[in-house]
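Number of protein chains: 2
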Amino acid sequence: MDELFKALADQTRRTILDELRERDNQTLFEICSRLATKHGLGSTRQAISQHLAVLEAAGLVRTRRDGRHKLHSITAEPLRQIAERWLRDPPEEAP
Amino acid sequence: MDELFKALADQTRRTILDELRERDNQTLFEICSRLATKHGLGSTRQAISQHLAVLEAAGLVRTRRDGRHKLHSITAEPLRQIAERWLRDPPEEAP
DNA sequence: ATAATAGGCAAGTCGTGACTTGCATGTCAA
DNA sequence: TTGACATGCAAGTCACGACTTGCCTATTAT
Chain A
607 MDELFKALAD QTRRTILDEL RERDNQTLFE ICSRLATKHG LGSTRQAISQ
657 HLAVLEAAGL VRTRRDGRHK LHSITAEPLR QIAERWLRDP PEEAP
Chain B
607 MDELFKALAD QTRRTILDEL RERDNQTLFE ICSRLATKHG LGSTRQAISQ
657 HLAVLEAAGL VRTRRDGRHK LHSITAEPLR QIAERWLRDP PEEAP
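These protein sequence lines map, in sequence, to chains A and B. Everything in the first sequence is counted per my numbering, starting at 607 for the first residue and increasing by one. Everything in the second sequence is counted per my numbering, starting at 607 for the first residue and increasing by one.
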């Protein structure tokens with residue numbers, strides 16, 4: 607649970623998730639180039655790779671190897687748990 | 607927006623939000639003692655105070671002075687935006 | 001086989017954030 | 001008014017996280 611929130615705490619990682627929502631199943635290099643052009647991100651390949659590892663550890667991204675390519679896809683399920691953690695019921699008023 | 611996610615990235619702050627959901631409108635000292643007893647938290651008053659400041663800056667907590675007391679109440683609205691950011695539509699498949 | 005492509009691993013730097021420490025401010029009860 | 005209560009402010013310590021750097025492994029095309 608802690609990994610999930612820490613993963614979302616970084617702006618670059620949130621941008622990666624946005625990018626994967628626009629176009630799922632991308633390779634590391636595709637993500638790098640599209641982040642650079644469309645989102646103006648200047649991060650190196652290694653930086654993005656480490657971010658993807660964090661996202662995968664948090665359960666937000668799943669990977670699948672295809673030869674020498676590694677495809678990354680977003681998984682939105684953990685975000686529902688976030689939403690429902692505090693939104694289910696209104697807070698209790700103090701007596 | 608960044609402040610919101612960074613605020614949620616800390617376990618102690620999430621516990622504070624849980625506590626405020628169980629009992630809204632608490633003072634700093636109330637939060638401290640209840641965190642210590644019920645949640646087993648050993649944080650000092652100053653630590654909790656700083657956490658509350660972060661939560662307030664993120665729009666997750668609102669405060670209201672009452673004499674020498676300062677009451678803290680949770681505000682769940684920002685969390686809805688989180689939920690709807692990635693959960694609205696499914697990701698696009700790559701062509 | 002060889003080179004180019006796609007990705008992985010590990011140590012190191014550096015800034016930010018969580019927490020502490022000490023003192024200051026404001027408010028109420030006696 | 002004085003003391004106890006509730007909170008605020010600021011500097012300093014320390015660890016963790018983001019990023020870099022350099023090299024290594026594996027797969028594919030020529």
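Beta carbons are placed, not taken as given, at the ideal position from N, Cα and C, and that holds for glycine.
Cβ of residue i versus every heavy atom of the ligand MN: is any distance shorter than 7 Å?
i: B:Arg671; result: Of ligands this structure carries none, so the ligand MN is not represented either.
Terminal residues of the continuous alpha helix (DSSP H) containing residue i?
i: A:His657; result: Arg651 to Ala663
i: B:Glu609; result: Asp608 to Leu614
May I ask which residues mark the beginning and end of the beta strand (DSSP E) holding residue i?
i: A:Asp672; result: Val667 to Asp672
i: B:Leu685; result: Where B:Leu685 is concerned, there is no enclosing beta strand (DSSP E), although the alpha helix (DSSP H) it sits in stretches over Glu683 to Leu693.
Any idea which residues DSSP pairs residue i with across the strands?
i: B:Ser679; result: B:Arg668
i: A:Gln632; result: A:His678
Inter-stretch contact at 8 Å, needing at least 3 Cβ pairs: the segment 632-646 of chain B / the segment 684-695 of chain A: no
Contact residues within the segment 672-693 of chain A, judged by C-beta distance below 7 Å to chain B: Ile680, Ala682, Leu685, Arg686, Ile688, Ala689, Trp692 and Leu693
Within 9 Å of chain A by C-beta, residues of the segment 614-636 of chain B in sequence order: Leu614, Ala615, Asp616, Gln617, Arg620, Leu623, Asp624, Leu626, Arg627, Glu628, Arg629, Asp630, Asn631, Gln632 and Glu636
Inter-stretch contact (C-beta, 8 Å, three-pair minimum) for the segment 647-659 of chain B and the segment 659-679 of chain A: no
The segment 677-687 of chain A touching the segment 621-635 of chain B, judged by at least three CB pairs closer than 8 Å: no
Short-range partners of chain B found in the segment 642-661 of chain A, where Cβ spacing is below 9 Å: none
Touching by the beta-carbon criterion (3+ pairs, under 8 Å), the segment 608-621 of chain B and the segment 610-619 of chain A: yes
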